[in-house]
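Q:
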Amino acid sequence: MPRPFRKVLVANRGEIALRIIRACREAGLQSVQAYSEADQETRAVRMADQAVCIGGPKPADSYLNAAALLEAARRTGADAVHPGYGFLSENADFAEQVEQAGLVYIGPQAQVIRTMGDKIAARRCAEAAGVPVIQGSAAAVASVEQAVAMAHRVGYPVLIKAAAGGGGRGMRVAHDDAELAESMERAVAEAQASFGSGEVYIEKFLERVRHIEVQVVGDGQRVIHLGERDCSLQRRHQKLVEEAPAAILSPATQARIRAAATKLAESIHYRSAGTVEFIVDPVTQAFYFIEMNTRIQVEHPVTELLTGLDLVKLQLSIAAGRPLDLRQEDVDLRGHAIELRINAEDPDKGFLPRSGRIVEFEMPAGPGVRVDTHAYAGYCLPAHYDSLLAKLVVWGQDREEALARMGRALSEARIEGFATTLSFHRRLLEEPAFLNNEVHTRFIKEHMYSKHPMQRLL
169 MPRPFRKVLV ANRGEIALRI IRACREAGLQ SVQAYSEADQ ETRAVRMADQ AVCIGGPKPA
229 DSYLNAAALL EAARRTGADA VHPGYGFLSE NADFAEQVEQ AGLVYIGPQA QVIRTMGDKI
289 AARRCAEAAG VPVIQGSAAA VASVEQAVAM AHRVGYPVLI KAAAGGGGRG MRVAHDDAEL
349 AESMERAVAE AQASFGSGEV YIEKFLERVR HIEVQVVGDG QRVIHLGERD CSLQRRHQKL
409 VEEAPAAILS PATQARIRAA ATKLAESIHY RSAGTVEFIV DPVTQAFYFI EMNTRIQVEH
469 PVTELLTGLD LVKLQLSIAA GRPLDLRQED VDLRGHAIEL RINAEDPDKG FLPRSGRIVE
529 FEMPAGPGVR VDTHAYAGYC LPAHYDSLLA KLVVWGQDRE EALARMGRAL SEARIEGFAT
589 TLSFHRRLLE EPAFLNNEVH TRFIKEHMYS KHPMQRLL
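Residue numbers (my numbering): 169 to 626.
Given below as structure tokens:
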């Protein structure tokens, strides 16, 4: 049943908050920015139709405080809530509280969030939908003995993964029984601290794979895909570079992986934007489901440049109860897009996070260049949140043109006040393996400990 709304509470911060506010304005909706005491200077506060402080700088006192967010919606007359990414965006309890308060939650159904947020339950859904999964435990392992038995069954190395949450937390690789026992203890503790659940499970660990995710959009009745993205360049399971389409996939594999993602999303009657994530063996082209993210992704602009679609506005439309007005054959994927995450981190000191006031902030422009950012010269970056400053995205007719355009864009970018990852990205674009698309998920880690020229990046 359609549930039109007119005012959206933005329950997030930074560049994604600004992104949502802009989409609301184009859609003819009012926006309310919920902000912490540390974010009074942010552009989102200035650009929203209304802004309301919801608590102190600590995330637990503000952006993770569901009661404060709901009270902000009540006080401002907001009738919908957009959670963005991170914070409460994949919290099923929060989605339920929003709906119970009579508000529209701009995202998938709470039960879908809960099911796909449980990596073991998500794995079962994938198997039921006929989507390939990696060898591993069908349930949480309750002891080191169970974990060792599973490791012997699938063969070392194995990956210990938190059943709840993501972002690389509660995740460890083990190569033998002793390392498994030690790593499992750490993974359980980290999962408990991060997600409130210490449940972990075991999977066969595949080395030198690519991380490919398929963007899907559904209205609860019908699902389409918007192509895939290659997110293989990572540090500690955190993505640094995203590209689309995935150039390493053969046309046949590309068709199969897109179909698999669509089939899984259809099987759970998915509503809103989401991504189905896989690892892919670039040699055999075998692919395996790893998880589903039930929210908008940091890297969604890559897909937007390829399709010409606005994913946030699609979320708003679907949440209002309107059916998806796109057919699969309407989706036109053109060219090649690359996104670099520019973080306030020092690459020469182990990517140590930085904060402070930005003295100079100049971002590139010109044909085929997009920058999503909340930062500006004079802005004081708080130390309480993630270090993402900007997303630099380029489009080209092919990968070669996109890389050349990214090099030009990086030469124009300038940020002064503290160290950022701009230097990392500039050096990365000189790395032959990256230019030749010969990387994998462990590429950066492996080069940290070698005499390879890539060592200078870290």
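For each residue, glycine too, the CB sits at the ideal point set by N, CA and C.
Rounded to a whole number of angstroms, what is the C-alpha to C-alpha distance between I380 and L417?
A: As a first step, residue 380 must be located in the sequence shown, where it is residue number 212. As a first step, residue 417 must be located in the sequence shown, where it is residue number 249. When rounded, the distance between both Cα atoms is 9 Å.
Q: Going by CA-CA distance only, name the one from A415, P419, A423 that's closest to I392.
A: The sequence position of residue 392 within the sequence shown is 224, counting from 1. Looking at the Cα atoms, A423 is the closest of the given residues.
Q: Among S435, Q198, E598, K329, whose alpha-carbon lies nearest the alpha-carbon of G366?
A: Locating residue 366 in the sequence shown gives position 198, counting from the first residue. Taking only the C-alpha atoms, the option nearest G366 is K329.
Q: Report the partner residues of H379 according to the DSSP bridge assignment.
A: Translated into the one-based positions of the sequence shown, residue 379 becomes position 211. Its beta-bridge partners are I447.
Q: Going by C-alpha distance, which of A191, N233, R495 is nearest M215?
A: Here residue 215 refers to the residue found at position 47 of the sequence shown. Out of A191, N233, R495, A191 has the C-alpha closest to the C-alpha of M215.
Q: Q314 lies in the beta strand (DSSP E); which residues open and close that run?
A: To locate residue 314, count along the sequence shown from 1; it is residue 146. Segment 312-322 is the alpha helix (DSSP H) holding Q314; no beta strand (DSSP E) there.
Q: Run through the region 233-268 for me and flag every whole beta strand (DSSP E) of 3 or more residues, listed as ranges in chain order.
A: The qualifying runs are 248-250.
Q: Can you give me the Cβ contacts of A349 inside the same chain, cut-off strictly under 7 Å, excluding the 5 residues immediately before and after it?
A: The residue labelled residue 349 in the question sits at position 181 within the sequence shown. Result list for A349: V312, in chain order.
Q: Identify every run of the beta strand (DSSP E) within the region 389-436, keeping only runs that are complete inside it and at least 3 residues long; order them along the chain.
A: DSSP runs (the beta strand (DSSP E)) wholly in the region 389-436: 391-398, 409-412.
Q: Which word fits P600, buried or exposed, when buried means at least 16 other C-beta atoms lie within 10 angstroms of its C-beta?
A: Position 432 of the sequence shown holds residue 600. Exposed, by the Cβ-count rule.
Q: What do you reckon, are the CB atoms on D540 and R187 nearer than 8 Å?
A: Within the sequence shown, residue 540 is the residue found at index 372, counting from 1. Within the sequence shown, residue 187 is the residue found at index 19, counting from 1. Yes, the pair counts as a contact, with Cβ atoms nearer than the cut-off.
Q: Could you pull out every residue in the same chain whose Cβ sits closer than 6 Å to the Cβ of F173, ignoring the five residues on either side in sequence?
A: Within the sequence shown, residue 173 is the residue found at index 5, counting from 1. Excluding positions up to five away in sequence, the list reads D247, A248, V272.
Q: Looking at P469: is its Cβ nearer than 8 Å to the Cβ of E411?
A: Sequence index remark: in the sequence shown, residue 469 carries index 301 (1-based). Sequence index remark: in the sequence shown, residue 411 carries index 243 (1-based). In this structure, E411 does not lie closer than 8 Å to P469 by Cβ.
Q: If R211 sits next to Y544, beta carbons under 8 Å apart, how far is it from one beta carbon to the other, in whole angstroms?
A: Taking the sequence shown and counting its residues from 1, one reaches residue 211 at position 43. Taking the sequence shown and counting its residues from 1, one reaches residue 544 at position 376. R211 to Y544, Cβ: 7 Å. Contact.
Q: Could you tell me how far apart the beta carbons of I302 and K407 are, in whole angstroms, since I believe they sit closer than 8 Å?
A: Within the sequence shown, numbered from 1, the residue matching residue 302 stands at position 134. Within the sequence shown, numbered from 1, the residue matching residue 407 stands at position 239. Not confirmed; about 20 Å, so no contact.
Q: Do F611 and L401 have their C-beta atoms within less than 8 Å of each other?
A: By one-based count along the sequence shown, residue 611 stands at place 443. By one-based count along the sequence shown, residue 401 stands at place 233. Result yes, Cβ atoms of F611 and L401 sit closer than 8 Å.
Q: Could you tell me which residues DSSP puts in a beta bridge with Y369?
A: Residue numbering aside, residue 369 sits at position 201 when the sequence shown is read from its first letter. The partner list for Y369 (beta bridge, DSSP) reads K329.
Q: Hey, could you find the ends of the alpha helix (DSSP H) M215 is sitting in?
A: Taking the sequence shown and counting its residues from 1, the one referred to as residue 215 is at position 47. 211-215 is the extent of the alpha helix (DSSP H) around M215.
Q: Could you round the C-beta distance between A202 and L237 to whole angstroms and report it? I think they count as a contact, below 8 Å.
A: As a first step, residue 202 is located in the sequence shown; it is residue number 34 there, counting from the start. As a first step, residue 237 is located in the sequence shown; it is residue number 69 there, counting from the start. Contact holds; Cβ gap of about 6 Å.
Q: Can you tell which of R403, T462, E396, T452 has the C-alpha that lies nearest to the C-alpha of A427?
A: Reading the sequence shown from its first residue, position 259 is the one you call residue 427. With distances taken between Cα atoms, A427 lies closest to E396.
Q: Counting C-beta neighbours from all protein chains within 10 Å, is the total for H250 16 or more, i.e. buried, or is it exposed?
A: Counting from 1 along the sequence shown, the entry for residue 250 is found at position 82. With 16 or more Cβ atoms within 10 Å of its Cβ, H250 is classed as buried.
Q: Among residues of its own chain, excluding the 5 on either side of A359, which ones have a beta-carbon nearer than 8 Å to its beta-carbon?
A: Within the sequence shown, the letter at position 191 stands for residue 359. The residues are A330, A331, A332, G333, R337, G338, S365, G366, E367, V368.
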